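Novice:
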Amino acid sequence: MADRFKGIKNNSKLLHLGDLFRSTTAKYWRINAWLSPLQKKRHAAFSNLPAFARGRVLNATGEKPKRDRAYCSINRDSIISECNLNEFPEFAYASLAKAEARQKGFLVETPGKPRFIIPQLELARVLFLHSGYLCRAALTSETLTHEFDAQERLNEGKVIVNVLKLSTFPKKAFDDAGTRRMLAWLLIDRNARKSFESIFRHYKQYSRVNNGWEMWTFSFEPPELRGWSFTFHGRADATKNKFFVEEITDLTFHGSMPDKVLFQHDSFKRYENKRTGGTPNGSPWTQRPDEHEINDDETASNNNEPVILKNDTHTVNFLGHTQTAKVNEVVESDTGGSNSEPNEVASEEVSTDEPTEGGKLPAADFTGPHDATDLTRMCESRFEAFNHMLELLQKEGVVLLSKETTALPQSGRGQKHLLKNGEPRVICCAEVSFERRHAYILEVDTSDGVSKLSSKVFRVSATKWSDVSGDLVQGITDKKLSWPTTMIAKNFNEGDVSSITHPRHDGSGSGNIPVEKLERWTSHFLELI
399 MADRFKGIKN
409 NSKLLHLGDL
419 FRSTTAKYWR
429 INAWLSPLQK
439 KRHAAFSNLP
449 AFARGRVLNA
459 TGEKPKRDRA
469 YCSINRDSII
479 SECNLNEFPE
489 FAYASLAKAE
499 ARQKGFLVET
509 PGKPRFIIPQ
519 LELARVLFLH
529 SGYLCRAALT
539 SETLTHEFDA
549 QERLNEGKVI
559 VNVLKLSTFP
569 KKAFDDAGTR
579 RMLAWLLIDR
589 NARKSFESIF
599 RHYKQYSRVN
609 NGWEMWTFSF
619 EPPELRGWSF
629 TFHGRADATK
639 NKFFVEEITD
649 LTFHGSMPDK
659 VLFQHDSFKR
669 YENKRTGGTP
679 NGSPWTQRPD
689 EHEINDDETA
699 SNNNEPVILK
709 NDTHTVNFLG
719 HTQTAKVNEV
729 VESDTGGSNS
739 EPNEVASEEV
749 STDEPTEGGK
759 LPAADFTGPH
769 DATDLTRMCE
779 SRFEAFNHML
789 ELLQKEGVVL
799 LSKETTALPQ
809 SGRGQKHLLK
819 NGEPRVICCA
829 EVSFERRHAY
839 ILEVDTSDGV
849 SKLSSKVFRV
859 SATKWSDVSG
869 DLVQGITDKK
879 LSWPTTMIAK
889 NFNEGDVSSI
899 THPRHDGSGS
909 GNIPVEKLER
919 WTSHFLELI
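For the sequence shown, this note's numbering puts the final residue at 927, and the numbers step up evenly by one.
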């Protein structure tokens, strides 16, 4: 279920995001926000920006309305210039056009293509401001410097990021692949860091004070964008030659990064049962409700590690070969560090403000973007037998249409999306065809030997696969590391799905299948395809 915002009516559409403001005696910023239908609430905490984008429906009670989508690529011929949002001529009504005219944007012009107007705040939101923590850090000069220490070990192809003890970045957020990737890019890539730090510089240069209120029209300097592309919800003018970007949904970009970025903190621990060697998928912490209500009029307490809220966020695809991981210290215990039942149900109401002593509500923050970066090259060694099997299939006439390796998402507080060493557990999806038959072969990374998942073959169309594959992958780590049989039975015909177990042998849990057994294993796949 989606989280809700207190004080906002059901099914409210976000029309406009305006200036930031705060009382000169206040610590935290708010942002002007116009909603439809019109209501008393006309602003929100700036820390809620990760969940805010023009055109979004907040507190939706049913299926969200479909929105137009378009695509923009930025190449070497593109010219990017600053503009105001009234560069787009066709807002719904005069007062909205007047309000948007004051906001800053970027105009992307490429010969032979439509022009695109991107609100500067929306671009910053998807690049940097995807958590309340980063919204606050962007308006200070030293937060990241004081809370993270990046140690380059370039001769080893990696960077160690030490999360310092005083850091208030939510520690549970490091379980999220998208959070790790975008934070690593921000901390290590000089182009990204310079752009992020320009937010504070622009605030100091352009903010204004009047009658006890400090106000600022958001602006910043973008990173180098050439070679980037994105998909977005938005609107076109009558000529179809100019687009207004409301919400960026998919971003493909690149940066200067090492092969591996490892995050370390004293609290990063992984509990293993001394007797069974098992790793818990639950925790003794308080049980969270299915839905939270975000109250941005109340302060957040520092008595809890911030609750991580699932945000209806964008997808990032990093055009590099960087792998990120949270380094866990393995701790042996009799119980595995887990209770079978949580203590109690926690409060539904939370605050996304910075946690403070005396705060009234449990602290919360948002997940980062969904990480769709292809990890195939980085994880080839984990799928050596699977890749060899695919080669043998191709010799039999099977066409390999595509192969993609991505990190499994976290489910709840479970840790099954991580290997024992803290690196992401990944899944490889091979799309194949054979004599006009179409199939998807899935292999889950069990290189740490915690499970013996079979391979799966789905004989379905590309459209069907696109509709259900996300829920399928999410379900693999939902309770334990296993295929979500209920979900599969509900969404696929019985004859369209098959399982293929790995050949039995010593060490089969780690996927190291002997060469002499590969041909027989391959023949099973060929029969099913």
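Ideal Cβ placement from N, Cα and C applies to all residues, glycine included.
Fair warning: this is a prediction, and the values are worked out from it, not measured in the lab.
Can you tell me whether DSSP reads Thr804 as helix, strand or coil?
Specialist: strand
Novice: For Tyr928, which of helix, strand or coil comes out of DSSP?
Specialist: A query on residue 928 cannot be resolved here, the shown segment of the chain reaching from 399 to 927 and no further.
Novice: Nearest to Leu799 by CA position, among Ala828, Leu806 and Leu790, is which residue?
Specialist: Ala828
Novice: In the DSSP output, which residue or residues are listed as bridge partners for Cys827?
Specialist: Glu802 and Leu840
Novice: Given Asp475, which residues of its chain have a CB within under 7 Å of its CB, disregarding the five upstream and five downstream residues?
Specialist: Thr508 and Pro509
Novice: On the three-state DSSP scale, how would you describe Met885?
Specialist: helix
Novice: Can you find the residues in the same chain that come closer than 8 Å, C-beta to C-beta, to Ser596, ignoring five residues on each side of it along the sequence?
Specialist: Sequence-distant Cβ neighbours of Ser596 in its own chain, meaning closer than 8 Å and more than five residues away, are Phe618 and Glu619.
Novice: Measuring straight from C-alpha to C-alpha, what distance separates Asp769 and Gly610?
Specialist: Cα to Cα, Asp769 sits roughly 42 Å from Gly610.
Novice: What residue from Phe419, Arg467, Val855 and Ala837 has the CA that sits closest to Thr928's CA?
Specialist: Beyond the ends of the chain as shown, which are 399 and 927, falls residue 928; an answer cannot be given.
Novice: Check each candidate in Leu413, Glu554 and Glu498 and name the one with the smallest Cα separation from Arg454.
Specialist: Leu413
Novice: So, do the stretch 637–657 and the stretch 534–544 have three or more beta carbon pairs nearer to each other than 8 Å?
Specialist: no
Novice: Under 8 Å: do the stretch 507–526 and the stretch 467–481 share three or more Cβ pairs, one atom per stretch?
Specialist: yes
Novice: Report the rounded CA-to-CA distance for Leu817 versus Asp846, giving the unit in angstroms.
Specialist: 6 Å
Novice: Have a look at Lys425, Asn409, Asn430 and Asn408 and flag the residue whose alpha-carbon is nearest the alpha-carbon of Asp417.
Specialist: Asn430
Novice: Can the beta-carbon of Gln662 be found closer than 8 Å to that of Ile825?
Specialist: no
Novice: Using DSSP bridges, identify the partner residues of Leu379.
Specialist: Look at the range of the chain in this structure, 399 to 927, and you will see that residue 379 is not part of it.
Novice: Kindly confirm or deny that the stretch 829–848 and the stretch 743–762 touch, where touching means at least three C-beta pairs closer than 8 Å.
Specialist: These segments do not touch.
Novice: Which residues does DSSP list as the beta-bridge partners of His441?
Specialist: Paired residues: Asn430.
Novice: Assign Glu755 to one of two classes, buried (16 or more other C-beta atoms within 10 Å of its C-beta) or exposed (fewer than that).
Specialist: exposed
Novice: Please identify the residue among Leu447, Leu851, Gly795 and Tyr491 whose C-alpha is closest to the C-alpha of Cys533.
Specialist: From the listed residues Leu447, Leu851, Gly795 and Tyr491, the smallest Cα separation to Cys533 is found for Leu447.
Novice: Could you tell me the distance, in whole angstroms, from the CA atom of Lys888 to the CA atom of Val895?
Specialist: 12 Å
Novice: How about Thr765 and Lys708: do their beta carbons lie closer than 8 Å?
Specialist: yes
Novice: Indicate whether Ser849 and Ile898 have their beta-carbon atoms separated by less than 8 Å.
Specialist: no
Novice: On the CB-based measure, 16 or more other CB atoms within 10 Å of its CB, does Val706 come out buried or exposed?
Specialist: In the sequence on display, residue 706 carries Ile and not Val. Flag for Ile706 reads buried.
Novice: Quick one: what does DSSP say Phe419 is sitting in, helix, strand or coil?
Specialist: strand
Novice: Applying the criterion that 16 or more other CB atoms from any shown protein chain within 10 Å of the CB defines a buried residue, is His549 buried or exposed?
Specialist: In the sequence as displayed, the identity of residue 549 is Gln instead of His. With fewer than 16 Cβ atoms within 10 Å of its Cβ, Gln549 is classed as exposed.
Novice: In the DSSP assignment, find the unbroken alpha helix (DSSP H) run with Phe598 in it and report its ends.
Specialist: Here the alpha helix (DSSP H) through Phe598 covers Arg588 to Tyr604.
Novice: Going by beta carbon distance, what residues of the same chain come within less than 6 Å of Leu879, once the five residues before and after it are set aside?
Specialist: Lys814 and Ser849
Novice: At the level of alpha carbons, what is the spacing between Leu525 and Ser831?
Specialist: 37 Å
Novice: Please state the DSSP three-state secondary structure of Gly868.
Specialist: helix
Novice: In chain order, what residues of the same chain have a beta carbon less than 8 Å from the beta carbon of Lys570, not counting five sequence neighbours either side?
Specialist: Glu703, Pro704, Ile706 and Arg811
Novice: Can you give the beta carbon distance from Pro753 to Ser699, rounded, assuming they're within the 8 Å contact cut?
Specialist: 6 Å
Novice: Using CA atoms only, rank isn't needed, just tell me which of Asn726, Pro656, Trp863 and His441 is closest to Leu585.
Specialist: Pro656
Novice: Between which two residues does the alpha helix (DSSP H) carrying Asn785 extend?
Specialist: Glu782 to Lys793
Novice: If the criterion is Cβ atoms closer than 8 Å, does the pair Ala575 and Pro882 meet it?
Specialist: Contact flag unset, no.
Novice: How is the alpha helix (DSSP H) around Glu498 delimited, first residue to last?
Specialist: Ala492 to Ala499
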